[in-house]
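K.L.:
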Ligand code: ATP
Ligand code: MG
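In this note's numbering, the protein residues as written are 11 to 707.
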């Protein structure tokens, strides 16, 4: 792409209508901020649905129209989906402003992505200069956990009589320390006090983990940020990268961690060309070391201080929905008080719905969704949100039974399916033969090659100077020889296919298909997933780009579930609340608004954790434009991690729906609950009576 030296708006002959005409005064101020030449850093801090993301997109468009080079704009968002959405919005404004026809395309923004994916790209590009092997592979959280598990075992920590933290906890501790930049002692003291006695062993484990990653030439998620940050501690690299991006713009800034803030500061030490937007009331990632102080302290980080703009008008929700949302957040110890108002009047208030159990909840949602569709609200404009992925299980069954297509975000990940993992491991291993976990998995797919044989092979590779030669020279036990030869030839061919992508994937599939048939009874269903993967692969320029993107931001649905609907088909959205950030739908249903689910049992510890759960409910509710239902099953299923097994619990309405909040809702219930409530009124012995009365009174 060529640099846009001539401002785009001067290139068009006829004057175009002002593309920013529909923005309000504060939004326009943000869009045109710094146009007079100076560009002090900019912070937009405002409530949900006030147009923060839209304003950020409009600002990018304005900068491009004024002549900024799209190649030099770094746009950071929290998910690939959000980054794509931002890009689309910028494209729309530019398209309109430039008076383009249907076939013309607005300039693209090649540097729009998540912190992690941009970090991965930059590290790959700068690898040789910073002493990193450019063939590094990226380990997803599952891989990192597995590696820690392996090392934990090797260090004899799995057999200690006093229970050493599980591999998932080890990773959480490690990740917290890296992302928060806090010393391990402090992290243990404050976040994981029950693991305090293991500090020395954890330190040794983490040292081994670092060494092992280095040996295998693997970076985990945290490394992508850490290595990027470290690179920027060198003044030369910081200046080079800072100059490379004339503008750095960040959405959802309230959910960045200290490392991410450090990266931004190193890129733009005086804040010139830096714009961030966010809402402290929506910070929901403290459990992943997000630091709400980043946004609160942003203005005074710079000299001169950043310009702070607030947006007051909510354009998303009707006034009754907004009032209910405001009531929820009013009970939080808020830092930046915001008053949001909406012009969208409506007679319909949000609804609080009592249901008997989660099966009835599923049926209720299916009924409501279909009824809404009858009224012209497409399935795609409706979303069901929940705290934790497995909360939607009963609903999913109901949707499948009724043939209602849906796509689930934040749920069972495509990449977690065994066959997808097999194939990706093969791709990773062929890219980086030192990737021990990938190799261990693939080698054992060879009939006759067990864990011992695989270990021998991988040890040989680890100690060899030429990893590829060591792999090719390996000779397994005679029983596995023929099958091993096939894999070896496949790997050699994939290596030769080298740059030709996606040819390497075709080769991998050719080898893997017979294994799939042999290993899985439902091979045909799984084959469909692999075909989907093949289709996705075509959209990437290289194996590295494909693997990096898929590891960092995997597609969400697998055909193990409902089957990904065709793109032009209508489908209902199911999403965890965390994955629903920044989005909006006409109708929103929030499942399980009961204590134990919201707040989640596991998070109901400290006051800060409870506050974060309240903000989660706020985020869920503020996604709704016209219709909002909070669902309250009286009985729900809890999966216990303890030896007691699964059990049913009698739920109580979430503590966040206080009487002051409930006053903003209309109450509804299923017929069965109504009958039970009547019975309960005359029979105080029934446990459910008290629960129901707490809702009805
Ligand atoms: P969140 O906090 O949930 O991320 P947000 O502040 O980023 O929300 P947006 O998603 O940018 O808000 O905007 C919410 C909705 O309001 C979108 O549908 C957007 O198109 C619309 N909107 C924003 N500003 C205006 C405006 N000036 N005129 C009309 N619609 C607007
Ligand atoms: Mg937004």
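Even glycine gets a Cβ: it sits at the ideal position worked out from N, Cα and C.
Since the model is a prediction, treat every value here as computed from it, not as a measurement.
#1: If you run the structure through DSSP and keep just helix, strand and coil, what is residue 574?
#2: Distance check for residue 386 and residue 242, CA to CA, integer angstroms please.
#3: What residue range does the alpha helix (DSSP H) around residue 70 cover?
#4: With a cut-off of 8 Å, do at least 3 Cβ pairs link the segment 675-683 to the segment 389-404?
#5: With a floor of 4 residues, list each alpha helix (DSSP H) that falls wholly inside the segment 361-385, ordered by position along the chain.
#6: Helix, strand or coil: how does DSSP classify residue 414 here?
#7: Check the C-beta distance from residue 258 over to residue 274 and give it rounded, since I have them as a contact under 8 Å.
#8: Only counting runs of 4 or more residues, tell me where the alpha helix (DSSP H) segments fall wholly within the segment 209-249, in order along the chain.
#9: Just how far apart, CA to CA, sit residue 462 and residue 451?
#10: Does the ligand MG have a heavy atom nearer than 7 Å to the CB of residue 63?
#11: For the ligand ATP, is there any heavy atom lying closer than 7 Å to the beta carbon of residue 5?
#12: Answer yes if the segment 232-241 comes into contact with the segment 58-66, meaning at least three C-beta pairs across the two stretches below 8 Å, and no otherwise.
#13: Figure out for me which residue from 373, 598, 93, 33 has the closest Cα to the Cα of residue 124.
#14: So, does the segment 75-82 touch the segment 325-340, judging by three or more C-beta pairs under 8 Å?
#15: May I have the straight-line CA-CA distance separating residue 652 from residue 267, to the nearest angstrom?
#16: Cα separation between residue 502 and residue 513?
#17: If you compare alpha carbons, which of 663, 600, 367 is closest to residue 633?
#18: Which residue spans inside the segment 613-639 form an unbroken alpha helix (DSSP H) run of at least 4?
#19: So, for residue 556: in the same chain, excluding its five sequence neighbours on each side, which residues have a beta-carbon less than 6 Å away from its beta-carbon?
#20: If you follow the alpha helix (DSSP H) that residue 185 is in, where does it begin and where does it stop?
#21: Should residue 290 be counted as a contact of the ligand MG given a C-beta to heavy atom distance under 7 Å?
#22: At a cut of 8 Å, does the segment 63-72 reach the segment 97-106 through at least three beta carbon pairs?
#23: Could you please give me the residues that DSSP links to residue 93 through a beta bridge?
#24: Would you check if the segment 182-189 and the segment 472-491 touch, i.e. whether three or more CB-CB distances between them fall below 8 Å?
#25: Based on Cα-Cα distance, which residue from 362, 416, 405 lies nearest to residue 638?
#26: So the alpha helix (DSSP H) residue 201 belongs to, where does it begin and stop?
#27: Just confirm the distance between the C-beta atoms of residue 80 and residue 118, as a whole number of angstroms; I'd bet it's less than 8 Å.
#28: Taking the C-alpha atoms as reference points, what is the distance between residue 582 and residue 541?
#29: By DSSP, does residue 392 sit in helix, in strand, or in coil?
#30: Mind reading off the beta-carbon distance from residue 294 to residue 622? Whole number of angstroms is fine, and I expect it under 8 Å.
#31: How do the segment 35-53 and the segment 317-325 stand: do at least 3 beta-carbon pairs fall below 8 Å, yes or no?
#32: Could you check how far apart the C-beta atoms of residue 625 and residue 342 are, in whole angstroms? I think they sit under 8 Å.
#33: Could you check the C-alpha separation between residue 41 and residue 636 for me, to the nearest Å?
#34: Go to residue 446, then tell me how far its alpha helix (DSSP H) extends in each direction, as first and last residue.
#35: How about residue 87 and residue 207: do their beta carbons lie closer than 8 Å?
#36: What do you get for residue 129, buried or exposed, if any count of 16 or more other CB atoms within 10 angstroms of its CB means buried?
P.N.:
Taking the definition as stated:
#1: Low local confidence applies: a pLDDT of 44 at residue 574 is under 50, so the model's placement there is unreliable, with the coordinate-based value given in what follows. Looking at residue 574 - three-state DSSP - the assignment turns out to be coil, as it is neither helix nor strand.
#2: 52 Å
#3: 62-75
#4: no
#5: 368-384
#6: coil
#7: 6 Å
#8: 209-226, 231-242
#9: 12 Å
#10: yes
#11: The first residue shown for the chain is 11 and the last is 707, placing residue 5 beyond what the model contains.
#12: no
#13: 93
#14: no
#15: At residue 652, the pLDDT of 36 sits below 50, so the modelled position is not reliable; the number obtained from the coordinates is stated separately. Each residue's Cα considered, the two are about 32 Å apart.
#16: 13 Å
#17: 600
#18: 617-631
#19: 547, 550
#20: 177-190
#21: no
#22: yes
#23: Paired residues: none, contrary to the question.
#24: no
#25: 362
#26: 194-201
#27: 7 Å
#28: 23 Å
#29: strand
#30: 6 Å
#31: yes
#32: 7 Å
#33: 28 Å
#34: 446-453
#35: no
#36: buried
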